[in-house]
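2 protein chains.
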Amino acid sequence: MRLAELSERSGVSTATIKYYLREGLLPPGHQINATTAEYDEEHLRRLRLVRAMIQVGRVPVGKVREVLGHVDDDSLGSAMRLGAAMWALPQVPEPDEDDEYVQAARQEVGTLLDRLGWENAKQLTSISPSYRSLVVTVAALRRLGYDFGAELLMPYAELMYRTAVLDLDNMEAYSSQEEERIEFAILGAILNEPALQALHRLAQEEETTRRYGFE
Amino acid sequence: MRLAELSERSGVSTATIKYYLREGLLPPGHQINATTAEYDEEHLRRLRLVRAMIQVGRVPVGKVREVLGHVDDDSLGSAMRLGAAMWALPQVPEPDEDDEYVQAARQEVGTLLDRLGWENAKQLTSISPSYRSLVVTVAALRRLGYDFGAELLMPYAELMYRTAVLDLDNMEAYSSQEEERIEFAILGAILNEPALQALHRLAQEEETTRRYGFE
DNA sequence: CTTCCTTGGTAAGTGCCACTATCCAAGCAT
DNA sequence: ATGCTTGGATAGTGGCACTTACCAAGGAAG
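So the protein sequences, as listed, match chains C and G.
Residues 0 to 214 in numbering that gives the first Met the number 0 are what the first sequence spells out, letter by letter.
Residues 0 to 214 in numbering that gives the first Met the number 0 are what the second sequence spells out, letter by letter.
Following this line, the structure appears as structure tokens:
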């Protein structure tokens with residue numbers, strides 16, 4: 000298929016597809032002659048993937064390129080590919096280590112990981128972006144006056160752990176069936192988050208109206 | 000306190016504070032004369048709040064203004080203020096109703112809400128942004144080839160419901176103690192999400208390494 | 001009183017990002 | 001031969017979150 004058809008079948012304008020090609024989010028088509036290139040189903044699939052990451056996952060273009068680089072990196076094992084792709088996702092800015100709230104937050108998160116017995120996560124604290132995000136967020140909440148500590152976070156962490164177990168179970172269920180399982184796993188991990196967030200807000204609406212009515 | 004001190008105590012540059020004042024995110028200080036205005040602790044508090052929303056919650060400036068408008072709207076009951084503020088948060092773009100995947104997604108989400116017995120959420124489907132977000136996300140995942148349906152979402156939804164119950168319990172615990180409980184509740188709801196997301200990713204890292212090691 | 005610094009306020013500029021519009025020459029279709 | 005379409009390159013757009021530069025008024029020091 001040619002550019003116009005790729006555009007039609009994906010619902011993405013040709014101008015935008017050209018932009019993605021330029022940015023390296025989409026491999027170039029098979030060149031037939033100077034003015035014609037041929038694209039296949041794989042291109043269509045990758046294009047939909049890119050769109051989903053950008054529009055649903057709100058992943059910036061540069062990060063998408065990074066994530067795709069890890070997806071296509073055959074030199075890594077599947078667990079590492081997943082980790083590398085997840086770590087490429089946008090993160091919160093660096094915390095200011097001199098800030099007292101940041102220090103207190105680090106302390107609380109450390110206590111939390113200890114109590115949870117998350118030994119592996121504890122080992123990754125120096126490099127894991129999600130650990131950093133958690134510290135920054137807890138610090139921000141404490142600065143605002145919340146008593147946001149290990150105590151309060153424990154039940155949330157346990158629920159999130161069960162969510163992660165579900166994620167990996169689903170991934171494995173796909174792995175045995177699908178060819179492009181790594182791609183699927185990474186996408187699942189990335190696109191799960193908007194779905195989870197939407198579910199969380201829906202649940203909040205449900206529970207709020209159950210408790211207080213519509214008023 | 001004057002602008003310079005407000006800047007120093009909040010860690011936000013005077014230029015940025017001026018920008019927030021212009022944008023209406025911060026009420027003007029008490030004007031003493033043509034070149035001096037006085038700010039108080041309430042300004043500092045509001046400024047920290049704005050910063051947390053923008054930097055941690057990634058809420059765009061226009062949305063922050065909207066949310067604050069609801070926070071300050073004395074004509075609404077607390078449940079409605081919370082709802083209005085939550086609905087002002089950034090959302091996914093409008094779905095294309097002619098798209099077959101969107102229709103299928105709508106169907107699946109409907110089934111999900113039925114099975115969960117979320118009657119209130121079901122009533123809000125025509126207006127709730129979180130419902131729309133869920134539909135768009137499910138449609139995007141289905142377009143990519145996932146068999147993302149009610150079946151798969153059920154256990155996630157139940158975990159998210161339990162998370163929402165925790166949210167509201169915490170809110171109520173604060174309500175009995177704090178003066179600015181509405182503000183606290185809305186902030187909790189907004190800033191909870193980054194914390195939850197970070198916890199989710201941490202849990203994924205933990206469980207991935209438990210299952211597959213570091214490789 | 002004069003010089004100088006600081007203050008709050010305004011207007012314009014910056015850098016980044018995700019596109020989008022405009023050109024262009026080469027081909028293919030009639 | 002003529003007119004349309006194609007892929008590719010370059011430059012422009014609009015939005016956002018600030019920043020910079022500038023201004024006149026006010027207070028402080030000599």
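Note that the Cβ used here is the ideal one computed from N, Cα and C, for glycine as well.
All values derive from a computational prediction rather than experimental measurement.
*Keeping to the same chain, check which residues put their C-beta closer than 7 Å to that of VAL101(G); ignore five residues upstream and five downstream.*
PRO94, ASP95, VAL134, ALA138.
*Among ALA184(G), ALA197(G), THR110(G), the one whose alpha carbon lies nearest that of GLU157(C)*: Nearest of ALA184(G), ALA197(G), THR110(G) to GLU157(C), Cα basis: ALA197(G).
_Using beta carbons (cut-off 8 Å, strictly below), is TYR236(G) in contact with chain C?_
Outside the shown range of chain G, which is 0 to 214, sits residue 236(G), and nothing can be said about it.
*At a Cβ cut of 8 Å, what residues of the segment 51-68 of chain C count as close to chain G, listed as they run along the chain?*
Look at the segment 51-68 of chain C: the residues with a C-beta under 8 Å from a C-beta of chain G are ALA51, GLN54, VAL55.
*Starting from the beta carbon of TYR155(G), find every residue of chain C whose beta carbon is closer than 7 Å, and list them in chain order.*
Within 7 Å Cβ-Cβ: THR162, LEU165, LEU195, LEU198.
*Does ALA104(G) get closer than 8 Å to chain C when you measure Cβ to Cβ?*
Not closer than 8 Å to any Cβ of chain C, the Cβ of ALA104(G) fails to qualify, so no.
_8 Å Cβ cutoff, PRO92(G) in contact with chain C_ = At a cut-off of 8 Å, the C-beta of PRO92(G) has a neighbouring C-beta in chain C.
*For GLU93(C), name the three-state secondary structure that DSSP assigns.*
Three-state DSSP puts GLU93(C) in coil, outside helix and strand.
*So, using beta-carbon positions, are GLU40(G) and ARG1(G) closer together than 8 Å?*
Going by C-beta atoms, GLU40(G) is not nearer than 8 Å to ARG1(G).
_THR136(G): contacting residues in chain C (beta-carbon distance under 7 Å)_ = Within 7 Å Cβ-Cβ: VAL55, LEU190, PRO193, ALA194, ALA197.
*Is it the case that the Cβ atoms of VAL58(C) and LEU88(C) are separated by a distance below 8 Å?*
Going by C-beta atoms, VAL58(C) is nearer than 8 Å to LEU88(C).
*Establish whether the CB of GLY23(G) and some CB of chain C are separated by less than 8 Å.*
No, no contact with chain C.
*Near THR110(G), what residues of its chain come up, given a Cβ to Cβ distance below 6 Å and the 5 sequence neighbours on each side ignored?*
Result list for THR110(G): ALA149, in chain order.
*Could you tell me whether the Cβ of LEU43(C) comes closer than 8 Å to any Cβ of chain G?*
Among the CB atoms of chain G, none fall inside 8 Å of the CB of LEU43(C).
*Along chain C, which residues have their Cβ under 7 Å away from the Cβ of MET159(G)?*
Using a Cβ-Cβ cut-off of 7 Å, MET159(G) is close to LEU195, LEU198, HIS199, ALA202 of chain C, given in chain order.
*Quick one: which chain G residues come within Cβ less than 8 Å of ARG142(C)?*
Near ARG142(C) (Cβ distances below 8 Å), the residues of chain G are ARG47, ALA51.
_For ILE126(G), three-class secondary structure by DSSP_ = ILE126(G) sits in coil when the DSSP states are folded into three classes, being neither helix nor strand.
*Under a CB-based cut-off of 8 Å, is ALA120(G) close to chain C?*
By this cut-off, ALA120(G) is an interface position.
*With 16 other CB atoms within 10 Å as the buried threshold, where does HIS199(G) fall?*
With 16 or more Cβ atoms within 10 Å of its Cβ, HIS199(G) is classed as buried.
*Contacting residues, own chain, Cβ-Cβ under 7 Å from GLU107(C) (five flanking each side not counted)*: Only VAL137, GLY148, ALA149 meet the Cβ criterion.
*What separation, rounded to the nearest whole angstrom, lies between the Cα atoms of PRO92(C) and ALA120(G)?*
Rounded to whole angstroms, the gap between the alpha carbons of PRO92(C) and ALA120(G) is 35 Å.
*Bridge-paired residues (DSSP) for THR35(G)*: For THR35(G), the pairing in a beta bridge is given by DSSP as ASN32(G).
*Could you tell me whether any Cβ in chain G is nearer than 8 Å to the Cβ of TYR130(C)?*
True, the Cβ-Cβ gap to chain G drops below 8 Å.
*Which first and last residues belong to the alpha helix (DSSP H) in which ALA3(G) is found?*
Note, ALA3(G): alpha helix (DSSP H), 2-9.
*Report the rounded CA-to-CA distance for VAL60(C) versus SER74(C), giving the unit in angstroms.*
Going from the Cα of VAL60(C) to the Cα of SER74(C) covers about 24 Å.
*What are the start and end residues of each continuous alpha helix (DSSP H) run of 4 or more residues lying completely inside the segment 38-123 of chain G, in chain order?*
Restricting attention to alpha helix (DSSP H) runs no shorter than 4 residues, the segment 38-123 of chain G encloses them at 40-50, 60-70, 77-86, 99-115, 118-122, ordered along the chain.
*Note down, in chain order, every chain G residue with its Cβ under 7 Å from the Cβ of MET0(C).*
Ordered by position in chain G, no residue passes the 7 Å Cβ test against MET0(C), which lies about 17 Å from the chain.
_Would SER127(G) pass as an interface residue toward chain C - the criterion being a Cβ-Cβ separation below 8 Å?_
Yes, because at least one Cβ of chain C sits closer than 8 Å to the Cβ of SER127(G).
*Sort ALA202(G), THR15(G), LEU43(G), TYR173(G) by Cα distance to TYR130(C) and report the nearest one.*
Comparing Cα-Cα distances from TYR130(C) to each of ALA202(G), THR15(G), LEU43(G), TYR173(G), the minimum goes to ALA202(G).
_Endpoints, alpha helix (DSSP H) assigned at LEU20(G)_ = For LEU20(G), the enclosing alpha helix (DSSP H) covers residues 13-22.
*Which class does TYR145(G) belong to by DSSP, given the choice of helix, strand or coil?*
For TYR145(G), the secondary structure class from DSSP, reduced to helix, strand or coil, is coil.
*What three-state label does DSSP hand GLY212(C) in the structure shown?*
Correct three-state label for GLY212(C): coil.
*Can you list the residues of chain G that ARG114(C) reaches, using a CB-CB cut of under 8 Å?*
Result: empty, since nearest Cβ-Cβ is about 13 Å, beyond 8 Å.
*Hey, would you say GLY56(C) sits closer than 8 Å to LEU143(C), going by beta carbons?*
The answer is no: Cβ separation not under 8 Å.
*Three-state secondary structure (DSSP) at PRO27(G)?*
Residue state, collapsed to three classes: coil.
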